[in-house]
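Enquirer:
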Amino acid sequence: MAKLIFVNLPVADLPRAVAFYEAVGARKNPQFSDDTAACMVLSETIHTMLLTHDKFRQFTTKAIPDAKATCQVLLCLSAESRAEVDGIVERAGAAGGTMDPGFKQDHGWMYGRGFEDPDGHIWEVMWMDMAAAATAMAKG
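Numbering (my numbering), first residue to last: 95 to 234.
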């Protein structure tokens, strides 16, 4: 069985967060969702658990930071093409997220953009031509 990753994110408004992630292309798995949490399937192996702050506090004694003011992680997803990168970021913007909160990256063989969800969590979306990347890395 392939290893799965579940990225747990605290959210202020669960229904708004679910609608946002569905607009970006995730699918809600009702088997692992209730009124305190929603399992959003990004791929066969990548899921994000959107947790109300009360639910999130059940897993840690640490304070929940304001993701709009601080940054603890930058999450990155791969894409199949430059067009898919642009499409995901544009859908995030249309759904109420912030497009390109950081730098766009365009190295020819690697292209990336990002978005910030309504709670301030930053996701990067990257496409890479692996053969060209190997050549570029070999040149140093």
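Glycine residues also receive a C-beta, built at the ideal position from the N, C-alpha and C atoms.
Which value, in whole angstroms, describes the spacing of the CA atoms of Ala177 and Pro104?
Expert: Translated into positions along the sequence shown, residue 177 becomes position 83. Translated into positions along the sequence shown, residue 104 becomes position 10. So the two alpha carbons sit approximately 30 angstroms from each other.
Enquirer: Ordered along the chain, which non-local residues of its own chain (more than five positions away) have a Cβ less than 6 angstroms from that of Cys133?
Expert: The count along the sequence shown starts at 1 and reaches residue 133 at position 39. Closer than 6 angstroms at Cβ, skipping near neighbours: Asn123, Phe126, Ser127, His141 and Met143.
Enquirer: Would you list the one or two residues that DSSP bridges to Leu98?
Expert: Taking the first residue of the sequence shown as 1, we reach residue 98 at position 4. Looking at the DSSP assignment, Leu98 forms no beta bridge with any residue, so it has no partner.
Enquirer: Please list the terminal residues of the continuous alpha helix (DSSP H) segment that includes Lys149.
Expert: The residue labelled residue 149 in the question sits at position 55 within the sequence shown. That run of the alpha helix (DSSP H) goes His147 to Phe150.
Enquirer: Return the first residue and the last residue of the beta strand (DSSP E) that Lys122 is part of.
Expert: Along the sequence shown, one-based indexing puts residue 122 at 28. Element bounds for Lys122: Arg121 to Asn123.
Enquirer: Does the stretch 107–122 come into contact with the stretch 205–223, if we say contact requires no fewer than three beta-carbon pairs (one atom in each stretch) closer than 8 angstroms?
Expert: Taking 8 angstroms as the limit for Cβ pairs, the verdict is that the stretch 205–223 does touch the stretch 107–122.
Enquirer: Could you give the residue range of the alpha helix (DSSP H) that holds Phe209?
Expert: Locating residue 209 in the sequence shown gives position 115, where the first residue counts as 1. Segment Met204 to Glu210 is the beta strand (DSSP E) holding Phe209; no alpha helix (DSSP H) there.
Enquirer: From Pro109 to Leu168, what distance separates their C-alpha atoms?
Expert: Start at 1 with the first residue of the sequence shown, and residue 109 comes out as number 15. Start at 1 with the first residue of the sequence shown, and residue 168 comes out as number 74. Cα-Cα distance, rounded: 23 angstroms.
Enquirer: Can you name the start and end residues of the alpha helix (DSSP H) that Gly184 belongs to?
Expert: Residue numbering aside, residue 184 sits at position 90 when the sequence shown is read from its first letter. Here residue 184 is Glu; the residue named in the question, Gly, does not match the sequence. Glu184 -> alpha helix (DSSP H) spans Arg176 to Ala188.
Enquirer: Using a threshold of 9 angstroms, state whether the C-beta atoms of Trp221 and Ala173 are closer than that.
Expert: Looking up residue 221 in the sequence shown gives position 127. Looking up residue 173 in the sequence shown gives position 79. The answer is yes: Cβ separation under 9 angstroms.
Enquirer: Can you tell me where the alpha helix (DSSP H) holding Glu138 begins and where it ends?
Expert: Taking the sequence shown and counting its residues from 1, one reaches residue 138 at position 44. Looking at the DSSP string, Glu138 is not in any alpha helix (DSSP H), and its letter there is neither H nor E.
Enquirer: Are Thr139 and Lys97 close, meaning C-beta to C-beta below 9 angstroms?
Expert: Mapped onto the sequence shown, residue 139 falls at position 45. Mapped onto the sequence shown, residue 97 falls at position 3. Yes. Within cutoff.
Enquirer: Rounded C-beta distance between Val101 and Ala120? I'm assuming under 8 angstroms.
Expert: The count along the sequence shown starts at 1 and reaches residue 101 at position 7. The count along the sequence shown starts at 1 and reaches residue 120 at position 26. That belief does not hold up - the Cβ atoms of Val101 and Ala120 are roughly 11 angstroms apart, past 8 angstroms.
Enquirer: Only counting the same chain, and skipping five residues up and downstream in sequence, which positions put a Cβ closer than 8 angstroms to that of Arg151?
Expert: Numbered from its first residue, the sequence shown carries residue 151 at position 57. Counting only Cβ-Cβ distances below 8 angstroms, and skipping sequence neighbours, we find Ile158.
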